[in-house]
């Protein structure tokens, strides 16, 4: 299994449970993936990546990754955890947005869909393998009926409310434009928008400052993120209004005026 | 009784649902019960037939189904909040459940 260094802990655990040999490659490094796949002696190879990375909000380089996998005859697994309901014309995720079809497309029912549980969309052969060999599936008593009903409705809403994703993306673009005006590097790639401040103390002080102004924005520090990249992690939703977004930007500007975030 | 609905649900289940702890090799030829609701210690299937839930839905419903005290408590909580994270936040019911006297077994 070839796994991106910034893959979520659940993917790391999945790699461990597979009992396969795991090669961790530097984040979003397609060349490193190709080199790892070039090593001989394996019957089957699987490349595993998040679609949207949870602490940076950046996207996996899926097109070149998929091409590398095809060339090396390796399988590709994409976890759409932070992309379901956010990316793609129908909201099914990054694979839809850039028209890449991996061998396994999985995701959670616990983020944009608001319940819990997960899915893996894959071939019959892989599905058969999972239901027969994945102990976490085989020995689960699965989802309760009330939750299934909630998820049926959530998927209906996702498919039928034409305003949800445009509203989310208006919020994302508004926030990114504002961050850039304040001098922060920001890209409208996903609903996760980190503001990197450096030291843990800086992130803690900025978080406390925002909290005094009615904004609960959690500071993310090592070991969750590398040393020197402590950050505020903003996450936008379709439920935010333009006024909410502006208020967050206003508070960040005040924090900067107080010397709490770099100018 | 709606047998055409029953047949449709059965066909969908056979085509799309994997049942854990279940011998799926014989499932398609089996005549599975499709549970739609429950009352007390009885399950009621989609055709209106009633069954004693002797294994308490795999020991997950030992108080019976639709127990008024439990359902009322769930509804009341639903009207407050269905979910909030414990990552960096606390919640009232999680604190109450964790109180030592609740979590420790009763003295014999």
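Chains as they are written, first to last, in the working numbering: chain L, 29 to 291; chain S, 24 to 131. Quick reminder that beta carbons are idealized off the backbone N, C-alpha and C, glycines included. Model, not experiment: these values are computed from the prediction.
Could you tell me the alpha carbon to alpha carbon distance between residue i and residue j, rounded to whole angstroms?
i: residue 84 (chain L); j: residue 210 (chain L); result: 19 Å
i: residue 99 (chain L); j: residue 48 (chain L); result: 21 Å
i: residue 96 (chain L); j: residue 30 (chain L); result: 12 Å
i: residue 116 (chain S); j: residue 99 (chain S); result: 12 Å
i: residue 232 (chain L); j: residue 42 (chain L); result: 32 Å
i: residue 252 (chain L); j: residue 110 (chain S); result: 13 Å
i: residue 40 (chain S); j: residue 234 (chain L); result: 48 Å
i: residue 67 (chain L); j: residue 242 (chain L); result: 53 Å
i: residue 216 (chain L); j: residue 90 (chain S); result: 49 Å
i: residue 119 (chain L); j: residue 278 (chain L); result: 30 Å
i: residue 239 (chain L); j: residue 53 (chain L); result: 37 Å
i: residue 288 (chain L); j: residue 264 (chain L); result: 22 Å
i: residue 64 (chain S); j: residue 172 (chain L); result: 17 Å
i: residue 54 (chain S); j: residue 36 (chain S); result: 11 Å
i: residue 236 (chain L); j: residue 280 (chain L); result: 12 Å
i: residue 206 (chain L); j: residue 221 (chain L); result: 12 Å
i: residue 59 (chain L); j: residue 126 (chain L); result: 20 Å
i: residue 124 (chain L); j: residue 89 (chain L); result: 14 Å
Could one say the Cβ of residue i lies closer than 8 Å to chain S's Cβ atoms, at least one of them?
i: residue 168 (chain L); result: yes
i: residue 180 (chain L); result: no
i: residue 292 (chain L); result: Shown here, chain L extends from 29 to 291; a query on residue 292 (chain L) therefore has no answer.
i: residue 273 (chain L); result: no
i: residue 139 (chain L); result: no
i: residue 165 (chain L); result: yes
i: residue 132 (chain L); result: no
i: residue 253 (chain L); result: no
i: residue 159 (chain L); result: yes
From what residue to what residue does the alpha helix (DSSP H) around residue i run?
i: residue 282 (chain L); result: 270-285
i: residue 22 (chain L); result: For residue 22 (chain L) there is no data in the structure shown, the boundaries of chain L being 29 and 291.
i: residue 162 (chain L); result: From DSSP, residue 162 (chain L) is part of no alpha helix (DSSP H); its letter is neither H nor E.
i: residue 194 (chain L); result: 192-209
i: residue 231 (chain L); result: 228-240
i: residue 63 (chain L); result: 58-66
i: residue 73 (chain L); result: Taken as a continuous stretch (DSSP letters only), residue 73 (chain L) belongs to no alpha helix (DSSP H), as it is neither H nor E.
i: residue 28 (chain S); result: 26-39
i: residue 94 (chain S); result: 91-103
i: residue 188 (chain L); result: 173-188
i: residue 53 (chain L); result: Segment 51-53 is the beta strand (DSSP E) holding residue 53 (chain L); no alpha helix (DSSP H) there.
i: residue 91 (chain L); result: 90-100
i: residue 115 (chain S); result: 115-121
i: residue 82 (chain S); result: 79-82
Our contact map puts residue i next to residue j with C-beta atoms below 8 Å; I'd like the distance itself, whole angstroms only.
i: residue 57 (chain S); j: residue 86 (chain S); result: Their Cβ separation, rounded to whole angstroms, is 23 Å, which puts residue 57 (chain S) and residue 86 (chain S) out of contact at 8 Å.
i: residue 107 (chain L); j: residue 134 (chain L); result: 5 Å
i: residue 94 (chain L); j: residue 104 (chain L); result: 6 Å
i: residue 137 (chain L); j: residue 146 (chain L); result: 6 Å
i: residue 199 (chain L); j: residue 80 (chain L); result: Contact flag wrong, Cβ pair sits at about 16 Å.
i: residue 102 (chain L); j: residue 128 (chain L); result: That belief does not hold up - the Cβ atoms of residue 102 (chain L) and residue 128 (chain L) are roughly 14 Å apart, past 8 Å.
i: residue 141 (chain L); j: residue 182 (chain L); result: 5 Å
i: residue 228 (chain L); j: residue 194 (chain L); result: At roughly 37 Å, the Cβ-Cβ gap does not stay under 8 Å, so residue 228 (chain L) and residue 194 (chain L) are not in contact.
The beta strand (DSSP E) with residue i in it runs from where to where?
i: residue 59 (chain S); result: 58-62
i: residue 146 (chain L); result: 146-150
i: residue 259 (chain L); result: 258-263
i: residue 107 (chain L); result: 103-107
i: residue 3 (chain S); result: There is simply no residue 3 (chain S) to check, as chain S begins at 24 and stops at 131 in what is shown.
i: residue 31 (chain L); result: 30-32
i: residue 133 (chain L); result: 132-136
i: residue 122 (chain L); result: Segment 122-125 is the alpha helix (DSSP H) holding residue 122 (chain L); no beta strand (DSSP E) there.
i: residue 75 (chain S); result: 73-75
Classify residue i: buried if its beta carbon has 16 or more other beta carbons within 10 angstroms, exposed otherwise.
i: residue 88 (chain S); result: buried
i: residue 218 (chain L); result: buried
i: residue 112 (chain L); result: buried
i: residue 118 (chain S); result: exposed
i: residue 168 (chain L); result: exposed
i: residue 143 (chain L); result: buried
i: residue 261 (chain L); result: buried
i: residue 37 (chain L); result: exposed
i: residue 60 (chain S); result: exposed
i: residue 45 (chain L); result: exposed
i: residue 25 (chain S); result: exposed
i: residue 203 (chain L); result: buried
Taking 8 Å as the CB-CB limit, is residue i close to chain L?
i: residue 77 (chain S); result: no
i: residue 50 (chain S); result: no
i: residue 81 (chain S); result: yes
i: residue 63 (chain S); result: no
i: residue 43 (chain S); result: yes
i: residue 71 (chain S); result: no
i: residue 87 (chain S); result: no
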